[in-house]
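Here's the structure we're looking at; comments come further down.
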Amino acid sequence: MSTEDLKNSITAILPSSTFDETGEFLNVVITSEELLPLMNTLRTKSEFDFDFLFCLTCIDWKDHFMMVYHLLSKTHQHTLVIKAKIADRNNAQIETVCNIWRTAELHEREVFDLFGVKFINHPDLRRLFLSDDWVGHPLRKDYTDENMISL
Amino acid sequence: MEINKSMEGKLTFPGQIHETTDGGILVTKLDDVINWARSNSLWPLVFGTSCCAIEMMSAADAKYDWSRFGFEVARATPRQADLIIVAGTIVMKMAPVLKRLYDQMPDPKYVIAMGACTISGGPFFYNTYSVVKGVDHVIPVDVYIPGCPPRPEALLHSMITLQEKIKHEQYFKKKIEEIR
Amino acid sequence: MRGLIGEDILTEEGEFIINMGPQHPSTHGVLHLKIWLDGETVKRIQPHLGYIHRSIEKMSESLSYRNFIFATSRMDYLAAHVNNEACALTVEKGLQLEVPQRAKVIRTILSELTRLQSHQLWWGCTGLDLGGVTPFFYAFREREAIMEIFEETCGARLTQNYMVPGGIMYDVHPNFQKRVKDVMIQIKGKFEEYDNIMTGNVILENRLKGVGYLSKEDALSYGVTGPTARASGLSCDLRKSNPYSAYDQVQFDEILDTGGDCYARYMVRMREMRQSVSIIEQLIDNIPEGDFQAKTKNVIKLPKGEFYQRVETPRGELGVFIVSDGAASPYRIKYRSPGFSNLSALPIMAKGGKIGDLVAIMATIDLVIPDIDR
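Here the protein sequences come in this chain order: A, B and C.
Numbers 509 to 659, taken from our numbering, label the letters of the first sequence in order.
Numbers 1226 to 1405, taken from our numbering, label the letters of the second sequence in order.
Numbers 208 to 581, taken from our numbering, label the letters of the third sequence in order.
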């Protein structure tokens, strides 16, 4: 599907989404509550058939978090980027997508470890890289640590 | 002749006295034999965390060949090893593991810190929250090798330096001082 | 729904838990696996990561766009040129910079040499893990020849840091072409020797055939890429589908296999080595003249936005995601590493097998743990 067709189809499913075409891929910006139904549709409907999630990460924009999902369809060879905005930084929560793509399980554990975003219905939400008694979430912009030496 | 009062009762012998290691000739020769045997058959422990481990494997291969110097068998278990070559960065999660491995090794044991990361944190010194800035915060080190990663020849040079260091150890002098 | 990398549960009747790693001869780095065993059969595996987590992503947020490339050499140290190329390509995408043809061709030759030496080390270590010490020495013999080429041209054997945004750091050594051609002749003669030692060996076939099956649907769902996925029939070679540098100017095959077991993964890598030699031979005689680096400003600042580049490393697909807010350092860098997703499929591949099978599976997935932990 071309970019125009993708935009029209997604607007038909979710009218409140906004688009950003400045980069290489088509970016769809939605809120965190609208994530799971949209992801289910993108996976199951045959005209989309996004079966490969190749990157799942989070960006800390100081007053909100932005979850970024990069999707690819092997059959139709189109790419899409979903960005879900988490407005509440102190109590960051979003639905998990690991029932749809199994690769999300470890990726979401990494985001929980480094950013502190909780994933609802995740089967095993624990810290991944840091030890279990670590305090704080290092990749947040307001993280301080006396072990970090700056120039 | 007048006795020198500043010595407070101790008489000075007019000749020269040479200090010998306690025990004299027999124990010195025994020291030499033990040190020679120890330095020429150091068995390293298989321990490599990151990039320096590949250069350590290159030092074990046929081109650089560390088994010429006696480091033939790399043991997998610390109970049978006498040398631990820390090759790679140590992070805070790994530091207790390294300490436990070091404690499990029987005496005498030696440590070579290979690469810039083990000397001082290396390229990961600034702005990292999880790296231990130097492995000597965890275990005592005998030889340091700079480089990122050091060449296999640098590792061989450090092993020979360690062998020289061992040849100067005085095993029996320490034992006799402990008994006294 | 309980994930396969599930939470700690008590053991059932007759089961016990053992730790494999972090210090272990065959875990290819510091990987800690908790294995639930019933006798010698594996019931569950739980990987524990983070023993080499060096906070590269946080550190890169305070480095400039030229400086942050050095850390990726240390991330997957057996594919240092490919990782550096990925970072340089992402920055060039942001600056919309055109790289000169000479630099593109030299980058591709160095990437293929990197792929060749990485697969050779994999081959030697697979033999070592399965119990045969001889392939280790044979593999390192050829690998040393390639390291000498790197040392002469790039200055370092392992962590080269030779790619910069705009091209390559300095021009190649005058001996480069001759040395590469000599090494290709040497390596081509050795493939038959490798097959004689390992591939037809009855012990290897018994240990690898039928072990660690991964289906195509599972590979896609778990995000497995690289030779591990191509051995299950999943077509995912980025050099063919999204060509970068000089890959659109060469002819080569994408190696696919439908076996899905360890032996298929082994054969895919052996055949990929031959493809790499063929790519290098097509390029080495025709390196175009010209600049080796495009002009960039001294202080590189990317415009506001997000940039993503995917490259094919010897292990799979590496993605570099740079978020920039206009400053001289990146705002956020994310490395989508191939080993991270390949490891997530390990529990389903090893379930039901023995511990010896687990070692064979880890050997054929070709994990490099600092790549997973970053």
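All residues carry an ideal CB built from backbone N, CA and C; glycine is no exception.
query: Pick helix, strand or coil for Lys558 of chain C, following the three-state DSSP scheme.; result: coil
query: Of all the options C:Ser269, C:Leu565, C:Gly373, C:Pro521, which has the alpha carbon lying nearest to the alpha carbon of Ala319 of chain C?; result: Here residue 319 of chain C is Glu; the residue named in the question, Ala, does not match the sequence. Cα-wise, what sits closest to Glu319 of chain C is C:Pro521.
query: Compare the C-alpha of Ile576 of chain C against each of C:Gly257, C:Trp243, C:Arg251 and name the closest.; result: C:Gly257
query: Just list the residues that DSSP pairs Gly1273 of chain B with in beta bridges.; result: B:Ala1312
query: For Ser202 of chain C, is the classification buried or exposed, using 16 other Cβ atoms within 10 angstroms of its Cβ as the cut-off for buried?; result: This structure gives no information on residue 202 of chain C, because the portion of chain C shown stretches from 208 to 581.
query: Please classify Arg322 of chain C as buried or exposed, where buried requires at least 16 other C-beta atoms within 10 Å of its C-beta.; result: buried
query: Closer than 7 Å by C-beta to Ser442 of chain C: which residues in its own chain qualify, once you throw out the five before and the five after it? Chain order, please.; result: Glu461, Leu463
query: In three-state DSSP terms, what is Tyr577 of chain A?; result: strand
query: Thinking C-beta only, is Ser233 of chain C closer than 8 Å to Val566 of chain C?; result: yes
query: Does the distance from the C-beta atom of Ile538 of chain A to that of Leu544 of chain A stay below 8 Å?; result: no
query: Which residues in the same chain as Ala1320 of chain B place their Cβ atom closer than 7 Å to its Cβ, once the five residues preceding and following it in sequence are excluded?; result: Val1357, Val1363
query: Considering Pro545 of chain A, what are the terminal residues of the alpha helix (DSSP H) in which it resides?; result: 543 to 552
query: Identify each residue in the region 567 to 582 of chain A for which the Cβ-Cβ distance to at least one residue of chain C is less than 8 Å, and report them in chain order.; result: Ile567, Asp568, Val576, His578, Lys582
query: Counting only beta-carbon atoms, is Ser1355 of chain B nearer than 8 Å to chain A?; result: yes
query: Name, going along the chain, the residues of the region 1317 to 1348 of chain B whose beta-carbon falls closer than 7 Å to a beta-carbon of chain C.; result: Lys1318, Met1319, Val1322, Leu1326, Pro1348
query: Any contact between the region 282 to 294 of chain C and the region 362 to 370 of chain C? By contact I mean 3 or more CB pairs, one from each, below 8 Å.; result: yes
query: Could you tell me whether the Cβ atoms of Thr1274 of chain B and Gly331 of chain C are closer together than 8 Å?; result: no
query: Just reading off the alpha helix (DSSP H) that Gly526 of chain C is part of, what are its end residues?; result: Segment 523 to 531 is the beta strand (DSSP E) holding Gly526 of chain C; no alpha helix (DSSP H) there.
query: Which stretch, first to last residue, makes up the alpha helix (DSSP H) that contains Ala295 of chain C?; result: 287 to 302
query: Out of curiosity, what's the CA-to-CA distance linking Tyr401 of chain C and Ile568 of chain C?; result: 20 Å
query: Mapping DSSP to helix, strand and coil, what is Asn408 of chain C?; result: coil
query: Can the beta-carbon of Arg581 of chain C be found less than 8 Å from the beta-carbon of Met282 of chain C?; result: yes
query: State whether the region 242 to 251 of chain C contacts the region 510 to 518 of chain C, with contact taken as three or more CB pairs (one from each stretch) at a distance under 8 Å.; result: no
query: State the Cα-Cα distance for the pair Asp1286 of chain B and Leu574 of chain C, rounded to the nearest angstrom.; result: 21 Å
query: Could you give the residue range of the beta strand (DSSP E) that holds Leu317 of chain C?; result: No beta strand (DSSP E) holds Leu317 of chain C; the alpha helix (DSSP H) holding it covers 308 to 336.
query: Which same chain residues end up closer than 7 Å to Leu211 of chain C when comparing Cβ atoms and leaving out the 5 residues on each side of it in sequence?; result: For Leu211 of chain C, the predicted model reports a pLDDT of 42, less than 50, meaning its position is unreliable; a value from the coordinates is still stated below. Pro554, Ile555, listed in sequence order.
query: Which residues in chain C have a C-beta closer than 9 Å to the C-beta of Lys1288 of chain B? List them in chain order.; result: Phe347, Arg348, Glu351
query: Measure the CB-CB distance between Leu534 of chain A and Thr511 of chain A and report whether it falls below 8 Å.; result: yes
query: Is DSSP giving Asn226 of chain C helix, strand or coil here?; result: strand
query: Quick one: measure Cβ to Cβ for Pro495 of chain C and Val306 of chain C, integer angstroms, because I've assumed they're closer than 8 Å.; result: At roughly 12 Å, the Cβ-Cβ gap does not stay under 8 Å, so Pro495 of chain C and Val306 of chain C are not in contact.
query: Assign Ile487 of chain C to buried or exposed, taking buried as 16 or more other Cβ atoms, counted over all protein chains shown, within 10 Å of its Cβ.; result: buried
query: Tell me which residue opens and which closes the beta strand (DSSP E) that Ile590 of chain A is part of.; result: 587 to 594
query: Kindly list the residues whose CB is nearer than 6 Å to the CB of Asp568 of chain A, restricted to its own chain and excluding five residues on each side of it in sequence; keep chain order.; result: Arg648, Lys649
query: Any C-beta of chain C within less than 8 Å: which residues of the region 1274 to 1288 of chain B qualify?; result: Thr1274, Ser1275, Cys1276, Ala1278, Ile1279, Glu1280, Met1282, Ser1283, Asp1286, Ala1287, Lys1288
query: Looking at the C-beta of Leu614 of chain A, does it have a partner C-beta in chain B at a distance below 8 Å?; result: no
query: Based on Cα-Cα distance, which residue from C:Glu412, C:Lys447, C:Gly512 lies nearest to Met474 of chain C?; result: C:Glu412
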